[in-house]
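Step one of this worksheet: look at the structure below.
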Amino acid sequence: MAIADRTMRAAMRIVAYGTLFLAVTCCTIFWTRFTGGLAFVWLGTAIASALFLALPRAQHFRAAAFLTLMSTVATSLFGFGPVWAFPLALINVFEAWFIAWLLVRIRPERDYIESERGIVWLGLLAGVAGPFAAAIPGGLLVTQIVGGSAQFHTFSWLVGHGLGTLLVMPLALLLTSYREPLVMRVREVGKVFSFSAVVLLTLAISACALLQSTLPSLFLPIVPLVLASYHFGRFGASITVLIITAFSAVTLGLDVGVFAELHLELWQKVLFVQFYLSVLLLISFPMAVALKQRQRFMQELVNREAMQRLIADHSDDALLHLDESGTIRFASPASTRLSGHDAVEGRHLAAFFGTFDRKIVVDALALAARCPGQTEIIERSVERGGKTRWLEAKLRAIEPARKQAPTFVVTIRDVTERKLAEIQISREARTDVLTGLPNRRALLGVLEEQLEFADERPFGFALIDLDHFKAINDSHGHAVGDKVLQQVAGIMRDSASDDCFFARIGGEEFGLVAVGSAVDNMAIICERLRLAILRNVMTDNDGGHFNVTASIGIARISERCSSSMAMQAADGPLYSAKAAGRNCLRFAQHMGHFVLADTNDMPASPLRAIR
3 MAIADRTMRA AMRIVAYGTL FLAVTCCTIF WTRFTGGLAF VWLGTAIASA LFLALPRAQH
63 FRAAAFLTLM STVATSLFGF GPVWAFPLAL INVFEAWFIA WLLVRIRPER DYIESERGIV
123 WLGLLAGVAG PFAAAIPGGL LVTQIVGGSA QFHTFSWLVG HGLGTLLVMP LALLLTSYRE
183 PLVMRVREVG KVFSFSAVVL LTLAISACAL LQSTLPSLFL PIVPLVLASY HFGRFGASIT
243 VLIITAFSAV TLGLDVGVFA ELHLELWQKV LFVQFYLSVL LLISFPMAVA LKQRQRFMQE
303 LVNREAMQRL IADHSDDALL HLDESGTIRF ASPASTRLSG HDAVEGRHLA AFFGTFDRKI
363 VVDALALAAR CPGQTEIIER SVERGGKTRW LEAKLRAIEP ARKQAPTFVV TIRDVTERKL
423 AEIQISREAR TDVLTGLPNR RALLGVLEEQ LEFADERPFG FALIDLDHFK AINDSHGHAV
483 GDKVLQQVAG IMRDSASDDC FFARIGGEEF GLVAVGSAVD NMAIICERLR LAILRNVMTD
543 NDGGHFNVTA SIGIARISER CSSSMAMQAA DGPLYSAKAA GRNCLRFAQH MGHFVLADTN
603 DMPASPLRAI R
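As structure tokens, then:
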């Protein structure tokens, strides 16, 4: 059913355009064949090309056949007679189809009356390329019919068809693109009285300019033409040119007015008038298209701004616009909540963050200014209402116009929940589940940080291993063994400080990284830890009591190396402590080029006797 409806509409369009083509062609042949040869005004190509552009490709043959019939009828009645009418009709229809084919092929966007580039291509293809392709066979054929110079007939075809098509094609395309009647389009504009006034003004100025011959006044119709183009766009420009065309035709027919004073033959006057009207159209139509694009752009801008305002007013994120210095010029309502200020306009972006974060903000703005279009992210903690909150700012520089400094757009959101979740995940990934101490991964991270500057800042590293822990698990069970590990971890937490970092490496083995002042007191710290573990009374499942001892290996790291080498440095003395009967401390000796702490490097202490 839908296919049948489309076919019916196409057929009706073919009949309507074909009938209009016949009427226009008959008139142009009848009125403009001044020398017995070609008509010097040819408007039918524009109508036929517009029809081909409006129809699907499957309907082109049907349209071509009907247009050929109409052209044959017109030429038979008012032109060269029925003998030559059909071949001339074929060339005329081919020219129209070829123009449509070129337009679709070269400019598939079909913006022939929508953009400046589209108008340029329309002028080149419809006003030059298409007529040129048909002018050669058409001129040769007319030479066979009426004689004369083939160059003259070819030139006449090219100029008459080119100017005529260029003059009418924009209006034909405009009519094709409108689905409603023109009266409805005027009502849509909502300026019926203004449009009527422009029409009357055009009539008056055209009469004054074209019907008199004492003053050079051909430029006067440009005034209403520009006015109509500005207020009514392409429709106004087309109608105004049509009115001027009607007056020009009247003056030519009556041989009065400004064109009558031209010292040219009639056919030359006709060509000059076509050229004059085409120039008027080429002045007004691009301007109308540019104004239409500007209006569309402005409307899109208004709509976009309204949408952005709506989003900004209801968004939990702060939406900001900054000038080139980073000063806030626009801020959405959420800005007051996130910034902690009653108003942020006129403040620097750093007002959202802490005092010490200003340099970070300034550096981020400078980096964004150097790379417009690239998003920079700032994530900092702030104090709001006595609580720590995390803010994330995403800022981007807007591409500057000419040599102006860039401005910035910024979004700021509260990411506290996400940040706390990330911190919790990171903490869990670096925390031993059983004991709550940092795990092996966390220890290696701290170890690698210290190793990077070990030659400048030596540090202490110790391995702590619980003695006979397997026997505890075998005798008392794994639940008691887990409790022992938890209690030992509690002792280590009590001994931990900013200079002492404890971690569980795995099983019954623990690690200690000592920095700062704790490096020189490494022996004392480890001995106190050993005694605290020894004196801590453990309880089994039956209420019995037992004690646990620990062996400790200590190394002083004073050169850069890998974390595995640092582990080996402390593992050697730990093995020595195990071999010496356990429940004691041992210190690393010199090992080749790697400087390890010697027993003699440790400070004097009563605990030195325990080795």
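Here our numbering is used: the first residue of the sequence shown is 3, the next is one more, and so on. Backbone N, C-alpha and C define an ideal beta-carbon position, used for all residues, glycine too. In this text, all values refer to a predicted model and were calculated from it rather than measured experimentally.
Quiz item: To which residues of the same chain is Arg-181 closer than 7 Å at the C-beta, ignoring the five residues directly before and after it?
Solution: For Arg-181, the predicted model reports a pLDDT of 48, less than 50, meaning its position is unreliable; a value from the coordinates is still stated below. Result list for Arg-181: empty, nothing under 7 Å.
Quiz item: What do you get for Glu-450, buried or exposed, if any count of 16 or more other CB atoms within 10 angstroms of its CB means buried?
Solution: exposed
Quiz item: Per DSSP, what kind of secondary structure is Trp-44 in: helix, strand or coil?
Solution: coil
Quiz item: So, Arg-506 versus Thr-409, is the Cβ gap smaller than 9 Å?
Solution: no
Practice problem: Classify Arg-532 as buried or exposed, calling it buried when 16 or more other Cβ atoms lie within 10 Å of its own Cβ. | Solution: buried
Quiz item: Taking the alpha carbon of Val-228 as the point to measure from, which residue in Ile-285, Ser-560, Cys-528 has its own alpha carbon closest?
Solution: Ile-285
Exercise. Leaving aside the five residues before and after Val-191 along the sequence, list all residues of the same chain whose C-beta is less than 6 Å from its C-beta, in chain order.
Key: Confidence in Val-191 is poor, its pLDDT being 47 and thus under 50, which makes the residue's placement too unreliable to answer from.
Self-check item: Exposure label - Lys-361; buried when at least 16 CB within 10 Å
Solution: exposed
Quiz prompt | Own chain residues within Cβ distance below 6 Å of Asp-325, not counting five before or after | solution = Arg-331, Thr-409
Exercise. Taking Asn-549 as part of the beta strand (DSSP E), name the residues at either end of that continuous run.
Key: 547-549
Exercise. Could you tell me whether the Cβ atoms of Ala-399 and Cys-373 are closer together than 9 Å?
Key: yes
Quiz item: Cα separation between Gly-492 and Asp-476?
Solution: 23 Å
Exercise. Given a cut-off of 9 Å, decide if Gly-141 and Trp-159 are closer than it, judged by their beta-carbon atoms.
Key: yes
Quiz item: To the nearest angstrom, how far is it from the Cα of Thr-9 to the Cα of Ile-101?
Solution: 24 Å
Quiz item: Would you call Met-72 buried or exposed, if buried means 16 or more other Cβ atoms sit within 10 Å of its Cβ?
Solution: buried
Exercise. Can you check DSSP and say which residues form a bridge with Asp-416?
Key: Leu-393
Quiz item: Just checking, does the stretch 205-217 make contact with the stretch 250-263 on the three C-beta pairs under 8 Å criterion?
Solution: yes
Quiz prompt | 3 or more residues per run - each beta strand (DSSP E) lying fully within the stretch 525-584 | solution = 539-541, 547-549, 552-559
Quiz item: Since Ser-383 is in the beta strand (DSSP E), which residue starts that stretch and which ends it?
Solution: 378-386
Quiz item: By Cβ distance below 8 Å, which residues in the same chain neighbour Leu-273 in space, the five residues on each side in sequence not counted?
Solution: Phe-42, Val-161, Gly-162, Leu-165
Quiz item: What does Thr-74 pair with, by DSSP beta-bridge criteria?
Solution: BP columns for Thr-74 are empty, so no partner.
Quiz item: What does DSSP give as the partner residues of Cys-502 in its beta bridges?
Solution: Ala-516
Quiz item: Nearest-angstrom Cα distance between Ala-13 and Arg-64?
Solution: 9 Å
Quiz prompt | Euclidean distance between Cα positions of Gly-348 and Tyr-232 | solution = 40 Å
Quiz prompt | Straight-line gap, Phe-299 to Asn-305 (C-alpha atoms, nearest Å) | solution = 10 Å
Quiz item: Using the rule of at least 16 other Cβ atoms within 10 Å of the residue's Cβ for burial, across every protein chain shown, is Ser-564 buried or exposed?
Solution: exposed
Quiz item: By the 10 Å Cβ neighbour count, where 16 or more other Cβ atoms means buried, how is Glu-454 classified, buried or exposed?
Solution: exposed
Exercise. Report yes or no: do the stretch 523-530 and the stretch 415-435 share at least 3 C-beta pairs separated by less than 8 Å?
Key: no
Quiz item: Roughly how far, in whole angstroms, is the beta-carbon of Thr-30 from the beta-carbon of Trp-44, given that I think they are within contact range, below 8 Å?
Solution: 6 Å
Exercise. With a floor of 4 residues, list each alpha helix (DSSP H) that falls wholly inside the stretch 148-235, ordered by position along the chain.
Key: 152-179, 184-191, 194-212
Quiz prompt | Close-in-space but distant-in-sequence residues of the same chain around Thr-145 (CB under 6 Å, 5 per side omitted) | solution = Ala-152, His-155
Quiz item: How many whole angstroms separate the CB atoms of Asp-359 and Arg-382, which I take to be in contact at a CB cut-off of 8 Å?
Solution: 5 Å
Quiz prompt | Test item: CB-CB of Leu-254 and Leu-268 under 9 Å | solution = yes
Quiz item: If you draw a straight line from the alpha carbon of Ala-345 to that of Ser-334, how long is it in whole angstroms?
Solution: 10 Å
Self-check item: Through-space distance from Ala-579 to His-592, alpha-carbon basis
Solution: Per-residue confidence for His-592 stands at a pLDDT of 47, beneath the threshold of 50, marking its modelled position as unreliable; the derived number appears in the next sentence. Cα to Cα, the separation comes out at about 17 Å.
Quiz item: How long is the line joining the alpha carbons of Ile-115 and Asp-318, rounded to whole angstroms?
Solution: 44 Å
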